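Presented below is the structure to which this report refers.
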Amino acid sequence: MRVSIQWLRELLDTPWDTEEIARRLTMGGIEVEAVEDAAPLFHGVVVAAVQSIAPHPEADKLRVAQVDAGDGQLRTVVCGADNLAVGQRVPLALPGALLPDGRSIAISALRGVSSEGMLCAAAELGLDDGSSGLLILDADAPLGADLRCYLGLDDQILTLGITPNRGDALSVTGVARDLFALGAEIVSRPVNDGPTPAWTIVRPDNAAPGNGGFAPHIAADAQNACPSYTALWIEGVPERLPDHLRERLRRAGQRCIHPVVDLLNLQMLETGQPLHAFDADTLQGELNVRWAQAGEILDALDGRDLPLESDMLVIADSAGPVALAGIIGGRRTAVSARTRCIVLESAFFQPKAIQGRARRLGLQTDAAMRFERGVDFALGPVVASSTLQCLATLGTVHLRTERSCTVLGQLPEHVPILLRRARLARILGMDYEDAVVEAALTRLGLRVNRTHDGWQALSPSHRFDLHIEADLIEEVGRIYGYERLPAHRPEGTLQPVPMARAPQPAALRGALQARDYHEVITYSFVSRQAQDLFTPGADAPALLNPLSADLAVMRASLWPGLMQALQFNMKRQQDRVRIFELGRVFSADGQRLVLGGCIVGTADRESWAQPQRAADFYDLKGDVSALLALWPDTEFTFRPLGDHPALHPGQAAEICVEDQRVGMLGALHPTLAAEYDLDKSPFFFYLDMEWLSGLTNVSRFTSLSPFPALRRDMALVIPQDILAGTVLNAMRLAASGIVQQITIFDRYQGPSLTAGTYSLAFALLLQDAERTLTETDVQAEMDQLLVAVRRLGSIELRA
């Protein structure tokens, strides 16, 4: 939300500058995301009046205007704007003026006619509001006035990040209230203290259609969804909003549409109450607030015909729906240039009656955003009265009281909330004086009474987010100042850790971070297309009301989300990406905790010490093996995997414990790489943490041997159908206690070997804890290992 500092200061009396206001808001929980100037820097632009217009003698698209800049002389200005007309007040950049794009204005000849300045469009002054042609000012704009001063352009705009629970702050008044609670002063009359409405207020049962007036009717089954509905029949509409209001709307990020619509938008921005206006002459019969009927269509203002469902609240006349309550109006009754009489709607709709409906129809409107988060339920009639007064100041309007009515049912009630001193001190870490707590809550608008162990507080209608004790504790801490809360060093007693335990998530994260991986957190929802690409036939649950098609089903694998994060980084020139995620995947039977990751790019960071090399399958296998080393008592086996739809059939493996699959790894399948338009093939892995968590490790102390270690190498020629892992496991099972480590350090396949074979070289580290090993001991161990591997097939020593 964008808030003008000038507008904010109309509601506040505070010596704080913009920087201090931004700091107070951010520390108070309303984040200020940006502070920017309301208009770019320019000077030398004044208000001028167009006195006469003549055709340009040498150019059909140019005209020569005589303009008065208020200094007693007429200036000749050449202009090509289509909307130039005699009598207008327009911005004139005088000779010597500097425009936002860096242009300096000077007297110059255009097609043989001297031009003493330039008439400016809004975009040329950095005030683009979506209009074309010259910026037309009010007819009574003071001649010769500096445009920056006249429009108050020396202003700053705060861009605020309002959290979903703070719908009360989605208005200038709401922001002012929060600043008041944080120590500033509100000097203007609060919006909910307006005059008593001049029209009739009736109960829903007394507002039946056909009573001779124009009383809106609320259907019996819709009265809980709409307990307050005000409809004012107003004759006469303003022709134009004053420049200062149009400029205020622009700074809020809105475009001018129609004087009535613009004024209602301004009222919503100031008070937080969404409003709507119907062209009264287009209504057929009286208004009826009801639930939509099957098959009904709304001709929405965005140009679409929206199919309505039975759980959607609508405003209808005798011909059908004219608005989707709290979301969007219809074209048939829309305010237009021909409108001379309006019906002003100011209502309260329960959030549950609005939530989800706009997203279901692919809509996003300011009104829906506010009603979904919550609107002050007491505000409707008051803002309607305030809007009527504003319309009266802009032109001649007449309220038809006999056709105006507020239907007021059972509004929500706030239950008193108990706040205990002890609980407050425990949560916030310090004792507060009673006066401090009462002042904080009172400045927030709560009515506070003391009890024997604390306070009882009743929240105002605009703070619909306060329900429980924790809410009040948060408010006290927020208003007192988070930065003023005490810092305490944590205290605790060290407890012995059980010997047998599974590796914790922190250990897994640490192992991957040490290998240059970055942790990511992706959505638990993915698109159905991505799900089918990585896990075709998965039975993961689908969402009934997804936010979008890209978030339609619960993920059955972490890989689609990791792929999305990978693409995001690669499109931003990140050629080397190593990421992982520890999260849950879902199926019809439940959910499982899974660790997944992927790599792409070079194996190591760029360095002068070594040449660059692309990461391959074995780099990923090394990373996964480092993770599996956290279970030193478990024997893991890597087996070829050629039938996974997401992995390359020649570069994929499954990870097994005995015959149980606990993970997979491999290169992305070429068809998927082409589907995602990748020029480098990434590598993926996953580990089933639910299964691995059942494996426990027993911490054991191993003393260091004082005797020397010996290394021996063994090169074997192995048939192609025997896997390297199978040979390695056979050697480890046959080795005695003096063999400390067996490592594969070379693989060779070439013309010097028999066809259908390959060579593996093993490094063996031998050491005894009791004595120095002899050559006889070593040779006996080597012979024992050779006998063990020959049982697998025709394996021989390489000459």
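Using my numbering, the first residue of the sequence shown is number 14, and each one after it goes up by one. Glycine included, C-beta positions come from ideal geometry on N, C-alpha and C. None of the values given here were measured: they were computed from a predicted structure.
For residue 109 and residue 117, the gap between their C-alpha atoms comes out near 6 Å.
In this structure, residue 299 lies near residue 228, with their beta-carbon atoms less than 8 Å apart. Within the model, the alpha-carbon separation for residue 182 versus residue 341 is close to 22 Å. Contact between the region 55-75 and the region 513-528 is absent: fewer than 3 CB-CB pairs across the two stretches fall below 8 Å. Comparing alpha-carbon positions, the option among 562, 261, 15, 608 lying closest to residue 172 turns out to be 15. DSSP places residue 577 within a helical segment (H, G or I) once states are collapsed to three. Runs of beta strand (DSSP E) with 3 or more residues, each lying fully within the region 407-470, are found at 418-421, 430-433, 460-464, listed in chain order.
With a contact defined as Cβ atoms closer than 8 Å, residue 24 and residue 186 qualify at about 6 Å.
In terms of Cβ geometry, residue 696 and residue 679 form a close pair [threshold 8 Å].
When the beta-carbon positions are compared, residue 248 and residue 272 stay at least 8 Å from each other. Here the alpha carbon of residue 164 sits roughly 21 Å from the alpha carbon of residue 274. The C-beta separation of residue 264 from residue 51 comes to about 5 Å, placing the pair in contact by the 8 Å criterion. By the criterion of at least three beta-carbon pairs nearer than 8 Å, the region 541-553 is not in contact with the region 578-592. Counting C-beta pairs closer than 8 Å gives three or more between the region 354-362 and the region 230-245, which meets the contact rule. For residue 747, the CB contacts under 7 Å within the same chain, skipping 5 residues up- and downstream, are 797, 798, 801 in chain order. Beta-bridge partners of residue 552 (DSSP): none assigned. By the Cβ neighbour-count rule, residue 754 is exposed, with fewer than 16 other Cβ atoms within 10 Å of its own. For the pair residue 649 and residue 626, the Cα-to-Cα distance works out to about 28 Å.
Taken atom to atom, the span from the alpha-carbon of residue 596 to that of residue 676 is near 14 Å. Distances from the CA of residue 191 to each of 44, 707, 170, 609 were compared; the closest alpha carbon is that of 44. Counting only residues of its own chain and dropping the five nearest sequence neighbours on each side, residue 531 has a CB closer than 7 Å to the CB of 591, 592. Beta-carbon to beta-carbon, residue 565 and residue 600 are separated by about 16 Å, too far to satisfy the 8 Å threshold. Between residue 128 and residue 80, the C-beta gap is not smaller than 8 Å, which leaves the two residues out of contact. Taking 8 Å as the cut-off, the Cβ atoms of residue 577 and residue 630 do not count as close.
Taking each of 506, 83, 167, 53 in turn and checking the Cα distance to residue 141, the smallest one comes out for 53.
Counting C-beta pairs with one atom in each stretch, the region 771-786 and the region 718-733 have three or more that are closer than 8 Å, which means they touch.
Assignment of beta-bridge partners to residue 679 by DSSP yields 665, 697. Between residue 384 and residue 367, the CB-CB gap stays under 8 Å.
Taken in chain order, the unbroken stretches of beta strand (DSSP E) that lie wholly in the region 234-311 and span 3 residues or more are 241-248, 288-292, 301-304. Contact between residue 217 and residue 231 holds: their C-beta atoms lie close to 5 Å from each other, under 8 Å. Beta bridge pairing from DSSP links residue 330 with 333.
Collapsing the DSSP output to three states places residue 585 in coil. Inter-segment contact for the region 432-451 and the region 467-481 is present: three or more beta-carbon pairs are separated by less than 8 Å. The Cβ atoms of residue 594 and residue 535 lie closer than 8 Å to each other. Closest option to residue 330, judged by alpha-carbon separation, among 322, 291, 807: 291.
Only residues of its own chain outside the window of five on either side were considered, and among them 184, 185, 265 have a CB closer than 7 Å to the CB of residue 282, listed in chain order.
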